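Input: a single structure, listed below in structure tokens.
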Amino acid sequence: MRTPLTVGIASLAILATSFTPVLATEKRELDSHEHGHVKLEIAIEGNAMEIKLEAPGESIVGFEHAAKTDDQKAAVAKAREQLSDANTLFVIPADAGCTVQASSAELHQHGNHNEFEGEYTFNCTNTAALASMETKLFSLYPSIEEIDVDYVSANGQGSVELEADSPRITFAPAG
Ligand SMILES: [Zn+2]
């Protein structure tokens, strides 16, 4: 004869087992993309600088389902255009002599989530003068709370967390 307590524990065990896969899936999604958080990868090598951007749609246009209404489609088109313009997004010291070689952005849908992905390539006459740079992403998209930057340059590699009041990336000094 089973007591109510035993039945309770047995039910919990069944619940835990059946819910585990769902939790694991949600965890993976959170790991790959957190709303309000944007990722930047910057690689400086020789005279070239390459920047990759990943931004949740929620932080850029405020929604992540596929655009349905004309307003939503217009918002996505405007964001793609703006995110395709490296000169609008980044402020690079003039001494470094960087010019944009390629600049593009696309929106990728992943189930209920989507992400803007940007790629920017610069040619610079003097990367030694590239001690720091700034991003305008916070002022363009106020829903962005944090930008996680990973960079690699001839002087080394590092990670920086930017916030709206500290939008400057300072690269590791030479030596
Ligand atoms: Zn999302």
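Residues -24 to -1, 1 to 151 in mature numbering (1 follows the signal peptide of the UniProt record, and there is no 0) are what the sequence shown spells out, letter by letter.
Here a beta-carbon is modelled for each residue, glycine too, at the ideal position from N, C-alpha and C.
All values reported here derive from a predicted model rather than from experimental measurement.
Beta-carbon separation (whole angstroms), residue i vs residue j, contact threshold 8 Å
i: A107; j: G132; result: Not really, about 13 Å apart at Cβ, beyond 8 Å.
i: T64; j: K112; result: 6 Å
i: residue 209; j: E122; result: A query on residue 209 cannot be resolved here, the shown segment of the chain reaching from -24 to 151 and no further.
i: residue 158; j: V14; result: There is no way to answer for residue 158, as the model of the chain reaches only from -24 to 151.
i: F114; j: A140; result: 4 Å
i: Y127; j: I145; result: 7 Å
i: A105; j: P143; result: At roughly 19 Å, the Cβ-Cβ gap does not stay under 8 Å, so A105 and P143 are not in contact.
Beta-bridge partners of residue i, as assigned by DSSP
i: C19; result: A quick correction: the sequence has Ala, not Cys, at residue 19. Answer by DSSP bridge pairing, in chain order: E26 and V128.
i: S115; result: The partner list for S115 (beta bridge, DSSP) is empty, contrary to what the question assumes.
i: E110; result: V67 and R144
i: E137; result: D124
i: H9; result: BP columns for H9 are empty, so no partner.
Next item on the list: When you get a sec, list the residues whose CB is within less than 5 Å of any heavy atom of ligand 1, chain order please.
Entry: That gives P32, E40 and H89.
Next item on the list: Just list the alpha helix (DSSP H) runs in the region 29 to 102, keeping only unbroken ones of 4 residues or longer that don't cross its boundaries, in chain order.
Entry: 33 to 36, 46 to 59 and 62 to 65
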